[in-house]
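Engineer:
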Amino acid sequence: MSRLEWRTVNPDGSRRVVVTKELPGDRWLEVLKAADCRVEICTSNDVLTTEEIKTAIGKSCHAAIGQLTEDWGDELFGALKSAGGTAYSNYAVGFNNIDLNAATKHGIPVGNTPGVLTETTAEMAVALTFAIARRTGEAERFMRAGNYHGWLPTLFVGELLKGKTVGIIGAGRIGSAYGKMMVEGHKMNLVYFDLYQNRELEDYISSYSQFLESQGEPAVTCQRAKTVEDLLKLADCVSIHTVLDDTTHHLINSERLSLMKKNALLVNTSRGPVIEEAALVKHCRDNPGFRAGLDVFEKEPNMAPGLAELDNVVIVPHIASATLWTRSGMATMAAGNVAGLLMGYPVWNKPEVLMFLENGAPKAAPSILNAKELKLSFHAE
Ligand code: DGY
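FYI, the working numbering numbers position 279 of the sequence shown as 279, with every residue one higher than the one before it.
1. On the three-state DSSP scale, how would you describe Ile65?
2. Residues with a Cβ closer than 5 Å to any heavy atom of the ligand DGY, in chain order?
3. Whole angstroms is fine: what's the gap from Gly78's alpha carbon to Asn101's?
4. Could you have a look at Ser239 and say whether DSSP puts it in helix, strand or coil?
5. Going along the chain, which residues of its own chain have a beta-carbon closer than 7 Å to the beta-carbon of Ser176, five neighbours each way excluded?
6. Kindly indicate the opening and closing residues of the beta strand (DSSP E) around Phe193.
7. Please list the segments of the alpha helix (DSSP H) lying wholly inside the region 122-203, counting only runs of 4 or more residues, in order along the chain.
8. Would you kindly check if the distance between the Cβ of Ala334 and the Cβ of Trp28 is under 8 Å?
9. List the residues that DSSP assigns as beta-bridge partners of Trp348.
10. From Gly167 to Arg291, what does the alpha carbon distance come to, in whole angstroms?
11. With distances taken between CB atoms, is the gap from Arg16 to Glu52 smaller than 8 Å?
12. Cutting at 8 Å between CB atoms, please list the residues of its own chain near Ile57, excluding the five before and the five after it.
13. Do three or more CB pairs link the region 299-315 to the region 209-224 at distances below 8 Å?
14. To the nearest angstrom, report how far apart Thr104 and His283 are at their CA atoms.
15. In this structure, how does DSSP classify Ala79 when only helix, strand and coil are distinguished?
16. Once you ignore the five residues that flank Glu276 on each side, which residues in its own chain have a CB closer than 8 Å to its CB?
17. Output the distance between the C-alpha atoms of Leu32 and Ala339, rounded to the nearest integer angstrom.
18. For Ala87, which beta-bridge partners are listed by DSSP?
19. Using only alpha-carbon positions, find the residue among Arg327, Cys37, Ala131, Phe211 that is nearest to Asn10.
20. Quick check: what's the CA-CA separation for Asn287 versus Trp348?
21. Can you have a look at Gly146 and say buried or exposed, based on whether 16 or more other CB atoms are within 10 angstroms of its CB?
22. Locate the beta strand (DSSP E) running through Val31, then write down its first and last residues.
23. Are Ile169 and Val93 touching if we call contact CB-CB under 8 Å?
24. Below 8 Å on the Cβ atoms is my contact criterion, and I expect Asn90 with Gly66 to pass it. Report the Cβ-Cβ distance as a whole number of Å.
25. Could you say which of Thr242, Glu140, Glu358, Trp151 lies nearest to Ala178 if we only look at CA atoms?
26. Would a C-beta distance cut-off of 8 Å place Pro273 and Leu244 closer than the cut-off?
27. Sorted by chain position, which residues of the same chain lie with C-beta nearer than 6 Å to Lys164's C-beta, five sequence neighbours on each side aside?
28. Nearest-angstrom Cα distance between Leu128 and Leu341?
29. Provide the residue span of the alpha helix (DSSP H) that contains Arg3, from first to last.
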């Protein structure tokens with residue numbers, strides 16, 4: 001007997017959609033029901049294997065919504081294609097679990113969920129930044145252990161961020177949102193590394209700096225680093241917001257860690273393998289003043305040996321996008337991708353996507369990654 005449990009919504013729907021995890025909110029189901037879908041949802045928490053997903057797809061399946069913990073490659077897209085499938089959406093903005101070439105080869109459009117995670121993920125990066133700067137993890141463990149016997153001038157002394165330099169690696173939507181939060185909230189100077197110049201971010205911080213000066217406060221600066229190394233040497237606090245691909249795998253390794261300030265802060269809410277975790281463990285062990293805040297791990301859900309024992313590391317279980325608004329918005333976006341494709345709608349081609357969470361959303365699939373490769377038509381507006 002299968003270890004997995006499933007529930008079906010709208011059993012009379014004519015289009016069968018397999019969803020490999022329960023998703024928050026109800027709106028996404030309304031979107032799929034409106035597209036006449038019969039929705040089969042796996043309600044078990046276990047990560048489904050490729051074999052289990054293939055079994056779920058079966059002989060007839062029009063579309064699927066999958067998770068970042070699943071390996072969507074040739075085998076699954078082939079199975080979906082053979083079952084008559086024409087649409088897939090990841091329930092995530094990141095898509096390093098997807099072999100896009102394989103999907104394109106099988107003619108399956110692949111959706112993702114940008115836009116709804118931006119502020120939520122950036123806020124978690126801020127939370128981790130402050131947790132490590134002010135040592136709240138250590139301090140909380142100390143309190144719970146009954147070790148607080150009175151105020152001391154030397155107890156859990158941390159780092160002040162105001163006026164220091166924050167570095168962002170990857171100045172896309174989430175990186176920029178985090179950068180703005182740190183600059184505006186804490187009057188930090190910003191340095192970013194990205195393959196592309198982010199003029200919007202530079203202009204924004206320049207205007208903010210003028211505002212500060214008009215209030216008699218010191219200016220803040222924004223500069224683009226030529227190399228990751230330049231940024232690491234300069235920043236007091238570094239937050240990672242890149243995609244994971246061959247060029248960013250182990251971007252932070254022992255050599256680069258050694259360039260960072262001895263009391264620097266390092267935050268990662270992107271993907272675990274961007275940091276060589278064993279090297280980070282060693283670096284944190286050798287440099288107790290260095291601190292790391294991690295939402296993601298190299299071999300998730302496992303951690304490198306020794307990581308969990310380090311007091312100068314704060315670890316949370318990949319929850320940067322975990323607010324109800326965002327997680328239900330991601331569900332609506334993923335459903336919108338699948339429903340839009342099944343209804344034969346064109347693909348949306350603008351970065352603003354939040355209107356897809358509202359009533360009267362455009363008749364389009366909000367975010368399809370391989371639309372150009374598949375020569376799908378775009379929404380004309
Ligand atoms: C994503 O969407 O890529 C996050 O890692 C999970 O929300």
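Think of the CB as a built atom: it goes at the ideal place given N, C-alpha and C, for glycine as much as any other residue.
Structural biologist: The structure says:
1. strand
2. Ala92, Val93, Gly94, Ser321
3. 12 Å
4. strand
5. Asn198, Leu201
6. 189-193
7. 136-144, 173-186
8. yes
9. BP columns for Trp348 are empty, so no partner.
10. 15 Å
11. no
12. Val18, Ala64, Leu76, Ala79, Leu80, Ala83, Gly85
13. no
14. 41 Å
15. helix
16. His250, Ile252, Asn253, Ser254, Glu298
17. 6 Å
18. Ala63
19. Cys37
20. 48 Å
21. exposed
22. Premise fails: Val31 lies in the alpha helix (DSSP H), 27-34, not in any beta strand (DSSP E).
23. no
24. 6 Å
25. A small fix is needed here, since residue 178 is Tyr in this sequence, not Ala. For Tyr178, the nearest C-alpha among the options comes from Thr242.
26. yes
27. Met188, Asp236
28. 38 Å
29. Run containing Arg3: none; DSSP gives neither H nor E here.
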